[in-house]
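534 is the number of the first residue of the sequence shown in our numbering; add one for each residue after it. For each residue, glycine too, the CB sits at the ideal point set by N, CA and C. Reviewing the structure listed below.
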Amino acid sequence: MSELGVTPRSKNYSDWYNELVVKADLADHSAVRGCMVIKPHGYAIWELMQRGLDDMFKATGHVNAYFPLFVPKSFLEREAEHVEGFAKECAVVTHHRLKANPDGSGLIPDPEAKLEEELIIRPTSETVIWNTYTKWIQSYRDLPILINQWANVVRWEMRTRLFLRTAEFLWQEGHTAHATYDEAEAEAMQMLEVYRTFAEDFMAVPVLTGLKSEGEKFAGADHTYCIEALVQDKRAIQAGTSHHLGQNFAKAFGTQFTSAEGKLEYVYATSWGVSTRLVGTMIMAHSDDKGLVAPPRLAPVQVAIVPMGKDPEVRARTYEAADKIAAELRAARVYDTPIRVKVDKREKESPGFKYNDWELHGACLRIELGPRDLDAGTAVVAMRDGGEKAFVPLGELVSHITAALPALQDRLYQKALEFREASTQRVDTWAEFEALFKADEAPGFVVAHWDGTEETEEKITELTKATIRCIPLKPLQPSDAEPGACILTGKPSQQRVVFAKAY
């Protein structure tokens, strides 16, 4: 165990993550199996993610709306592939009232309150939204519809992990309607780029963009695009998806419009989403044995100021100086937002405890302020990612920190990128591939040829637990785009695809 009581990553990465999330006050387990309580510190990260993404959505012409939590079972049944994909994960509401059990043992569903049609707690909203869009769309003049909603969904997961996979989670889901296939395709690609930009510029997590295989695509989609991240245990995380739904849902719900030429046409659709899984991805990509490491754009606390002094008069002096520095920092802006500052005035805790506590909670940098520092006209600045402490003149603190935060953001991205590059390898034979995936440690991204069939994809997964994470839109190396032979069957392959063990 580390000093913080967290299992080191090198000993057990899974235990490290589970313990860190709880000890850093990001989330807690719920009394409801498989669900989580997102604590204020963790929710602050999600709020910053929401704000950044929502601004990007609105900049691309989207607006927010809200649709019901409950989906009639008959809606889900209309799109065959969709219902097959989600049926095993659905939570079903069968009654609308409880009553006292006649034997006095508690409450039971009232038999007289059984619903005529069961309601599904939304696992995703395509069906309920397309039922609504059918009423809204009559003419090409009604298109496009560009709507996003922030909501919760339920997918009855049996094996859960805080943030990464829970029975209920928070997300956004965009649902758009278009007159042509090409317009819908452009929308799906645009939102994939929004997700890539957010992951790399805000989360400091490099991602691959690609097409999902037929076996891995969204149930009911024509095709699915994704962003794939690699975290420190060399496992992949599907961090976001953008789906071109074709006319599948429009045909299921009879959503048609009169074109400019007077013809009756079915609408083309997209849907796209990211969830609180992004929080888990960020934690796994950057954090260390000391605790949370958060990139400055998403850190709830960017600067923690620790004033010191045993004597009450000395403490009052350092507190006053700390408050002044905090006000100056809050008046400054980084990434066009005020710097997020906390002054730690807890008197029961030692300075050493506070240093460790702010590292655990992911403050990007710490300012240590004692009476000797004030006498010298300086403050000690310690960056969360390590290195030597800097002694910064008080008059230069604001300029120093406004430069230090973006520099930390860049360092975290570069470190994650270098890790991904070092954890990506190419193989040409089944023996090499199988050896990599049967090793105790996940191998990272493995780039290899595949014959393009679902049968081969399923066999590879059965034998190694490796899955195709994506068919890259842009080859990782020029040679990846060259034809070759499938690693398992030896049949022709058009290009290399990316395999990994995944969360």
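Taking the alpha carbon of glutamate 967 as the reference point, which residue from Lys992, Gly985, Glu954, Arg830 has its own alpha carbon closest?
Minimum Cα distance to glutamate 967 is reached at Lys992.
Can you name the start and end residues of the alpha helix (DSSP H) that serine 792 belongs to?
Counting along the chain, no alpha helix (DSSP H) covers serine 792, and no H or E run does either.
For serine 804, which option in Leu679, Ser607, Glu651, Lys745 has the closest C-alpha, if you only look at C-alpha atoms?
Comparing Cα positions, the closest option is Leu679.
With a Cβ-Cβ cutoff of 8 Å, do aspartate 918 and leucine 950 count as a contact?
Going by C-beta atoms, aspartate 918 is not nearer than 8 Å to leucine 950.
DSSP puts asparagine 597 in a beta bridge; with which residues?
DSSP lists Asn681 as partners of asparagine 597.
Is it right to say threonine 870 is buried, meaning 16 or more other beta carbons lie within 10 angstroms of its own, or is it exposed?
Exposed: under 16 other Cβ atoms inside 10 Å.
Which word fits serine 1026, buried or exposed, when buried means at least 16 other C-beta atoms lie within 10 angstroms of its C-beta?
With 16 or more other Cβ atoms within 10 Å, it is buried.
Considering Cα atoms alone, identify which of Lys857, Ala633, Glu650 is closest to proline 642.
The closest CA to that of proline 642, considering only Lys857, Ala633, Glu650, is found on Ala633.
Along the chain, where does the beta strand (DSSP E) that runs through alanine 854 open and close?
Alanine 854 -> not in any beta strand (DSSP E); alpha helix (DSSP H) instead, spanning 845 to 864.
Any contact between the stretch 1027 to 1036 and the stretch 755 to 771? By contact I mean 3 or more CB pairs, one from each, below 8 Å.
Flag = yes, the stretch 1027 to 1036 and the stretch 755 to 771 touch.
Reducing DSSP to helix, strand and coil, say where leucine 744 ends up.
In the structure shown, leucine 744 sits in a strand (DSSP, three-state: E or B).
Within 8 Å of any Cβ in chain D, is that where the Cβ of tyrosine 946 sits?
Among the chains in the structure shown there is no chain D, since it carries only a single protein chain.
With 16 as the cutoff for other CB atoms within 10 Å, does glutamine 1010 come out buried or exposed?
Exposed, because fewer than 16 other Cβ atoms sit within 10 Å of the Cβ of glutamine 1010.
Terminal residues of the beta strand (DSSP E) in which threonine 1000 lies:
The continuous beta strand (DSSP E) containing threonine 1000 extends over residues 1000 to 1005.
By a C-beta neighbour count over all protein chains shown, 10 Å radius and 16 as the cutoff for buried, is tryptophan 669 buried or exposed?
Tryptophan 669 should be labelled exposed.
Is the CB-CB distance between leucine 898 and alanine 912 below 8 Å?
No, the pair does not count as a contact, with Cβ atoms beyond the cut-off.
At least 3 beta-carbon pairs within less than 8 Å: the stretch 656 to 668 vs the stretch 786 to 803:
In short, these stretches touch, since the Cβ pair count reaches three.
Whose C-alpha, out of Lys796, Gly753, His628, Lys767, is nearest the C-alpha of asparagine 781?
Minimum Cα distance to asparagine 781 is reached at Gly753.
Consult DSSP for serine 547 and reduce its assignment to one of helix, strand or coil.
Three-state result, serine 547: helix.
Bridge partners of valine 539, per DSSP?
Partner residues in a beta bridge of valine 539, as assigned by DSSP, do not exist.
In whole angstroms, what is the alpha-carbon distance linking aspartate 890 and glutamate 921?
Per the coordinates, the alpha-carbon of aspartate 890 lies some 19 Å from the alpha-carbon of glutamate 921.
Could you tell me which of Pro939, Ala624, Lys572 sits nearest to glutamine 835, measuring between CA atoms?
Closest option to glutamine 835, Cα to Cα, is Pro939.
Tell me whether alanine 772 is buried or exposed, calling it buried when 16 or more other Cβ atoms sit within 10 Å of its Cβ.
Classification of alanine 772: buried, given that the 10 Å Cβ count is 16 or more.
If you draw a straight line from the C-alpha of methionine 841 to the C-alpha of proline 833, how long is it?
Answer to the nearest angstrom: the Cα atoms are 23 Å apart.
With burial defined as no fewer than 16 other Cβ atoms inside 10 Å of the residue's Cβ, what is the status of proline 573: buried or exposed?
Exposed: under 16 other Cβ atoms inside 10 Å.
Thinking just about the alpha-carbon of each residue, which of Glu882, Ser792, Met815, Ala793 is nearest to the one in isoleucine 770?
Of the candidates Glu882, Ser792, Met815, Ala793, the residue whose Cα lies closest to the Cα of isoleucine 770 is Met815.
Count Cβ pairs between the stretch 603 to 615 and the stretch 691 to 706 that sit closer than 8 Å; are there 3 or more?
Segments in contact, no.
Under a three-way DSSP split, which group does isoleucine 670 fall into?
Under the three-state reduction of DSSP output, isoleucine 670 falls in the coil class, being neither helix nor strand.
Complete runs of the beta strand (DSSP E) confined to the stretch 552 to 581 [at least 3 residues]:
Qualifying beta strand (DSSP E) stretches, in chain order: 560 to 562, 569 to 571.
Given a cut-off of 8 Å, decide if asparagine 551 and glutamine 682 are closer than it, judged by their beta-carbon atoms.
No; because the gap between Cβ atoms is not below 8 Å, this pair is not in contact.
Hey, glutamine 942 and arginine 830: beta-carbon distance below 8 Å or not?
In contact: glutamine 942 and arginine 830 (Cβ atoms closer than 8 Å).
So, helix, strand or coil for lysine 922, using DSSP?
Looking at lysine 922 - three-state DSSP - the assignment turns out to be coil, as it is neither helix nor strand.
When Glu861, Asp973, Ala936, Phe978 are compared against alanine 955, the one with the closest alpha-carbon
Taking alanine 955 as reference, the option from Glu861, Asp973, Ala936, Phe978 with the minimal CA-CA separation is Phe978.
Between the C-alpha atoms of tyrosine 728 and tryptophan 963, what's the straight-line distance to the nearest angstrom?
Going by C-alpha positions, tyrosine 728 is about 34 Å away from tryptophan 963.
Alpha helix (DSSP H) segment containing lysine 767, residue limits
Counting along the chain, lysine 767 sits inside no alpha helix (DSSP H), nor does DSSP assign it H or E at all.
Residue range of the beta strand (DSSP E) that includes arginine 899
Annotation for arginine 899: the continuous beta strand (DSSP E) segment containing it runs 898 to 902.
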